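Okay, so here's the structure we're looking at.
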Amino acid sequence: MSDVQDTQPKVPARLAKLLAATVVRTADGHPLRVFHGTNGAFVRYRTAPVHTLDKRRLGAYFTASERFARCYGAVVREVYLDIRRPLDLRGKAAADVIAELPVSDRAKAELCSAFKGLDYCHYGLLEALPQVSLRKALEDSGYDGVIYTEGHADAYIAFEARQIIPVPKRKSALEVDLST
Numbered sequence: 001m002s003d004v005q006d007t008q009p010k011v012p013a014r015l016a017k018l019l020a021a022t023v024v025r026t027a028d029g030h031p032l033r034v035f036h037g038t039n040g041a042f043v044r045y046r047t048a049p050v051h052t053l054d055k056r057r058l059g060a061y062f063t064a065s066e067r068f069a070r071c072y073g074a075v076v077r078e079v080y081l082d083i084r085r086p087l088d089l090r091g092k093a094a095a096d097v098i099a100e101l102p103v104s105d106r107a108k109a110e111l112c113s114a115f116k117g118l119d120y121c122h123y124g125l126l127e128a129l130p131q132v133s134l135r136k137a138l139e140d141s142g143y144d145g146v147i148y149t150e151g152h153a154d155a156y157i158a159f160e161a162r163q164i165i166p167v168p169k170r171k172s173a174l175e176v177d178l179s180t
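Sequential numbering of the sequence shown, starting at 1, is according to the UniProt record's numbering.
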């Protein structure tokens with residue numbers, strides 16, 4: 001994952017305790033800082049599934065790559081995610097992903113036909129399904145999010161706003177100097 005930031009900020013103790021059970025971690029076991037790119041100003045992340053002609057959303061989307069998040073908007077938010085039981089699609093070919101999805105055999109057959117021969121198309125594959133019913137099926141199967149490969153970095157879908165924990169703002173050198 002060459003696109004992922006090399007350094008992670010130290011996680012404050014109270015957040016580390018809150019994130020003790022998350023599977024979204026660095027290679028050395030610390031909670032991973034992830035990114036969400038947007039062009040809009042918002043207070044809350046939209047996590048409800050949506051499936052319309054012009055918009056499809058399974059939850060709130062994040063990436064381990066700050067650069068990739070910038071493709072979605074100039075404003076990049078840094079967060080930690082408390083995802084404990086994700087559907088993990090990393091490193092799996094489309095056919096294997098389809099076999100694992102909690103959807104009908106008919107839907108699986110249609111997906112297999114549409115994505116035949118493709119390897120890593122997780123986002124497109126997930127987006128091809130009815131988002132509201134897929135989200136319900138995933139939750140009914142015990143999943144609380146999704147992890148998949150997008151570009152050269154892992155991507156994450158959180159199902160609930162409570163799973164999204166903002167990274168505390170770091171004070172600049174000037175702010176630290178002025179506060180003493």
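Built from N, CA and C at the ideal position, the CB exists for glycine as well. Here the structure is a predicted model, which means the values were calculated and not measured.
query                                                                                                          : result
Beta bridge counterpart(s) of residue 57 as assigned by DSSP                                                   : 50
Inter-residue spacing [alpha-carbon to alpha-carbon] between residue 10 and residue 129                        : 38 Å
According to DSSP, residues forming a beta bridge with residue 143                                             : Answer is none; residue 143 lacks a bridge partner.
Short Cβ contact (7 Å threshold) for residue 88 with residue 147                                               : yes
Same chain only: Cβ atoms within 6 Å of residue 32, ignoring 5 sequence neighbours per side                    : 24, 25, 26
Through-space distance from residue 108 to residue 45, alpha-carbon basis                                      : 30 Å
Opening and closing residue of the alpha helix (DSSP H) in which residue 110 lies                              : 105-114
Contact the region 74-84 vs the region 11-20: 3+ CB pairs below 8 Å                                            : yes
Same chain only: Cβ atoms within 7 Å of residue 63, ignoring 5 sequence neighbours per side                    : 34, 35, 69, 150, 153, 155
Buried versus exposed call for residue 168 [16 or more other C-beta atoms within 10 Å across all chains shown] : exposed
Bridge partner(s) assigned by DSSP for residue 62                                                              : 156
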